[in-house]
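What follows is a short report on a single structure.
In UniProt numbering, the protein residues as written are 1 to 713.
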């Protein structure tokens, strides 16, 4: 009502008794804007009805509600009144009969009746911590003010409904009005992101480097005053939030660990959604929403993005598991990494790295073997419309590339700039397949190979015929296995990229906050507000859909020089402990489980222990018991660069720490011995795995250096 009162117009004194407000969305890059007309009389009538049936609205001041609205018995909500218009100076033509309040445009010249400027309503913001926030914000979903998130309800014995479970129950409900209310979905997306941010801040503040020997009382004091030592870092704070730079920084480390262990991926596959052309998605949407056949598929997708994203995820997972993994259409897959991405904040698509068994690698095997491998799996051929009408239709509809602002780049050639497609279209006509030099290809933004193609096929995106017939949407398939790993470094950055942020600059902006907790919270809020999110991405987050998956579990190992970072026990747990106790840390692999391993595992290195063993239980004699993992995990760690003097000691120590068995970490390096001397001493003793891992790290670091040279060239 504060907003309506701010309008301050008595409809009885206007030439037209109907008062309308224009609600405008944010303009898009193409200068389009969504607009909705809001009838203030209907708002007043709805408020009058809510006061009658909703206990949360009974105390709302109704002095400004027109007497005429009392006679309104029912207000029909029309959710299809939104229109997409071009944002220009003539956008109010045709609405001159109404009194218009334009919410965000500048005051235009003309009569006061034709256009007004609605000033900011300076009211206290709604407290988002109040218990019935969802009931207050969405009266159309909860008209009686009941059955919201905090409504008392019976659940399974000794089990309560968690925040995530409640969201899923609403979005997956047979009643589709919750998931089709976009504001409701984005409201809970914001709440879930804030919860993840709080978790990240908590993890950041409870991570401590060292503090061995400190008592519970000393640690509690530091937490209570938020000592600088508990400040943590942005990577820890924002890592739990999907889609942030810090989230993908963690994932990129896991992908690099896979590359270091398994070598270069063989194939890079991209699969798009094409939701507006998908018959199965249209059929599914009509079924779950009881929509009539007259509804277009674009309308169905727009109204119910939650169901679109779910159906696409199911389709992809079945396609990937059955066609690519089980049937091995592209070859026997040894390892894989999959990333789900949302192009231009719209429909999702997948980027996939595949390690194919016994695949040839450029620079190791003969070029003829590489060419044969590529030709068996990848083509750019446009099939004959008479002999293969379906495949011809799919290729011409989905695989023909059309350049736009999205792919055009200005590249300096000599003293001038030339506009080039970043996907290297149109591609050259070739009589046969050819392999190019990797480094020169990356420098010139060209492919490392070109398929055989004629003049009609220069804009055909490479594909696999069987996959295209089964997937029936745009796809891209590239061979990327090469010895230097330079191309792999580029692809790794591409499949783990995130939106740019300026987190370090924000620290100074909020430096006036009273404590570290407030500063971290404000930084997180600023970063999250700068991140644009579409409804498909928000839907996936609310339903717990992961943005990536991989074939192997990756376990991070802290290989830094002592003292190492450790997680402090839960605050509530600490408050119940003896204040003089020094048992302040959670148990960890490095400090607790590995040093206390059984005697029959004396020669097992930390790397082997992490990869192959896990804690099982505590035996009757109080000793910890371990068992072999059913599937080994892949240890990951910070990969230091020995070419940089500041990281050289850490590089040598990390190898010693991982591959030299120890009970006491302090015995790894002798007194007066440099890290390099200790490394060479252990290396000469033929410690298992240290030589092999050393060579893998050297190769990976060389690939990073080569990539930097290419970028700087």
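Think of the CB as a built atom: it goes at the ideal place given N, C-alpha and C, for glycine as much as any other residue.
Listed as beta-bridge partners of residue 643 by DSSP are no residues whatsoever. Excluding sequence positions up to five before and after residue 405, its CB lies less than 6 Å from no other CB in the same chain. With the rule of 3 Cβ pairs closer than 8 Å, the region 535 to 555 counts as touching the region 252 to 270.
For residue 303, the number of other beta carbons within 10 angstroms of its own is at least 16, and it is reported as buried. Between residue 383 and residue 395 the beta-carbon gap is near 7 Å, inside 8 Å, which marks them as a contact. Boundaries of the beta strand (DSSP E) around residue 355: 348 to 356. Counting other Cβ atoms within 10 Å of its Cβ, residue 625 stays below 16 and is therefore classed as exposed.
For residue 268, the uninterrupted beta strand (DSSP E) segment begins and ends at 267 to 271. Taking a cut-off of 8 Å for Cβ pairs, the region 292 to 309 and the region 270 to 281 touch, as three or more such pairs fall below it. Of the candidates 296, 549, 607, 607 places its Cα closest to the Cα of residue 632.
Taking a contact as a CB-CB distance under 8 Å, the pair residue 379 and residue 463 counts as one, their CB atoms being some 7 Å apart. Residue 243 and residue 418 have their C-alpha atoms roughly 33 Å apart. Nearest to residue 573 by C-alpha distance, out of 566, 583, 565, is 583. Judged by DSSP in its simplified three-state form, residue 482 adopts strand. Its Cα nearest to that of residue 610, the residue 590 stands out among 590, 598, 655. The criterion of a C-beta distance shorter than 7 Å is not satisfied by residue 200 and residue 152. Relative to residue 600, the option among 362, 580, 627 whose CA is nearest is 627.
A residue is called buried when at least 16 other Cβ atoms come within 10 angstroms of its Cβ; residue 61 does not meet this threshold and is exposed. Nearest C-alpha to residue 459 among 452, 400, 468, 414: 400. When rounded, the separation of the alpha-carbon atoms in residue 162 and residue 585 is 28 Å. Using a C-beta cut-off of 8 Å, the region 186 to 193 makes no contact with the region 320 to 333, since fewer than three inter-stretch Cβ pairs fall below that distance.
Bounds of any beta strand (DSSP E) do not take in residue 280; it lies within the alpha helix (DSSP H) bounded by 279 to 289. Counting only residues of its own chain and dropping the five nearest sequence neighbours on each side, residue 351 has a CB closer than 7 Å to the CB of 270, 339, 341, 495. DSSP, read as helix, strand or coil, puts residue 702 in helix. If you draw a straight line from the Cα of residue 594 to the Cα of residue 128, it is about 45 Å long. Taking a 10 Å sphere around the C-beta of residue 146, we find fewer than 16 other C-beta atoms and assign the residue as exposed. Contact annotation: residue 166 and residue 138 have beta-carbon atoms that are not nearer than 7 Å. Counting along the chain, residue 420 sits inside the beta strand (DSSP E) bounded by residues 416 to 421.
Collapsing the DSSP output to three states places residue 316 in a helix.
Inclusion of residue 634 and residue 257 in the CB contact set at 7 Å is warranted, their separation being smaller than that value.
Within the model, the alpha-carbon separation for residue 690 versus residue 639 is close to 14 Å. Pairing residue 411 with residue 420, the inter-Cα distance amounts to about 7 Å. The beta carbon of residue 649 sits closer than 6 Å to those of 675, all from its chain and outside the five residues before and after it, given in chain order. In this model, residue 702 and residue 314 are separated by some 40 Å (Cα to Cα).
Of the candidates 581, 368, 548, the residue whose Cα lies closest to the Cα of residue 497 is 548.
If the five residues before and after residue 658 are omitted, its C-beta is found closer than 6 Å to the C-beta atoms of 606, 607, all from its own chain and listed in chain order.
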